[in-house]
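Residue numbers (the working numbering): 91 to 246.
Positions of the beta carbon are idealized from the N, C-alpha and C atoms, including for glycine.
Quantities reported herein were computed from a predicted structural model and do not represent experimental measurements.
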């Protein structure tokens, strides 16, 4: 079972939620979701949540598709509209990934985190995040949205 979901319920915080190894179809559909987020031309913050090690491995050919997409304008949109990007990885994958740089890869402030709580703490310390309450109810609502998506049954 694989899942690659995109959620706007907590705008301006967007969620990209992954579980299992994504298919190429899911990957391409994901790029369309990002394009839709950019179409609003408003600042957003993104949490990319990877539930398991398999979700961290894109399908064969995804790199080429993504590179083309980025070169066709997504790269500039990332830098223009995404104010912060937090990548939450499984705790057992954090040690090998913690030194990867969101800023170097995407040119925006961000980081790799072992939990949503760590991502929330980092975000609370960043400028221009007044749109968020940063309280327990806000955090719990986002975590519940992630759990709900992960519970969805998805075909392989």
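TODO: Kindly list the residues whose CB is nearer than 7 Å to the CB of residue 133, restricted to its own chain and excluding five residues on each side of it in sequence; keep chain order.
DONE: One-based indexing of the chain shown puts residue 133 at position 43. Excluding residues within five positions, the ones whose Cβ falls inside 7 Å are 102, 171, 173.
TODO: Could you check what DSSP says for residue 99 in three-state terms: helix, strand or coil?
DONE: Counted from its first residue, the chain shown places residue 99 at position 9. Three-state result, residue 99: coil.
- [ ] Could you tell me whether the segment 210-229 touches the segment 184-198, using the rule of 3 or more Cβ pairs below 8 Å?
- [x] no
- [ ] Quick one: using the 10 Å Cβ neighbour count with 16 as the cut-off for buried, is residue 229 buried or exposed?
- [x] Locating residue 229 in the chain shown gives position 139, counting from the first residue. Buried, by the Cβ-count rule.
Task: First through last residue of the beta strand (DSSP E) which encompasses residue 210 - done: For the purposes of this step, residue 210 is taken as the residue at position 120 of the chain shown. Run containing residue 210: none in the beta strand (DSSP E); it sits in the alpha helix (DSSP H), 206-214.
Open item on the list: Only counting the same chain, and skipping five residues up and downstream in sequence, which positions put a Cβ closer than 6 Å to that of residue 239?
Closed with: Position 149 of the chain shown, counted from the start, is the residue given in the question as residue 239. Excluding positions up to five away in sequence, the list reads 95, 107.
TODO: Determine the direct distance from the alpha carbon of residue 193 to that of residue 199, and round the result to whole angstroms.
DONE: In the chain shown, residue 199 corresponds to position 109, counting from 1. In the chain shown, residue 193 corresponds to position 103, counting from 1. Counting only the Cα atoms, residue 193 lies some 5 Å from residue 199.
- [ ] Report the residue ranges of all beta strand (DSSP E) runs contained in full by the segment 136-161; include only those spanning at least 3 residues, in chain order.
- [x] none
- [ ] Would you tell me roughly how many angstroms separate the C-alpha atoms of residue 237 and residue 166, rounded to the nearest one?
- [x] Here the question's residue 237 lines up with position 147 in the chain shown. Here the question's residue 166 lines up with position 76 in the chain shown. Cα to Cα, the separation comes out at about 31 Å.
Task: Buried or exposed (CB count within 10 angstroms, at least 16 for buried), residue 195 - done: One-based indexing of the chain shown puts residue 195 at position 105. The residue is exposed, with fewer than 16 neighbouring Cβ atoms inside 10 Å.
Task: Inter-residue Cα distance where the pair is residue 152 and residue 201 - done: As a position in the chain shown, residue 152 is number 62, starting the count at 1. As a position in the chain shown, residue 201 is number 111, starting the count at 1. Their Cα atoms are separated by approximately 22 Å.
- [ ] Just mark residue 226 as buried or exposed, buried being the case when its beta carbon has 16 or more other beta carbons within 10 Å.
- [x] In the chain shown, residue 226 corresponds to position 136, counting from 1. Answer is exposed; the Cβ neighbour count stays below 16.
Open item on the list: Excluding the 5 residues flanking residue 113 on each side, which residues of the same chain have their C-beta closer than 7 Å to its C-beta?
Closed with: Sequence index remark: in the chain shown, residue 113 carries index 23 (1-based). Here the set comprises 92, 149.
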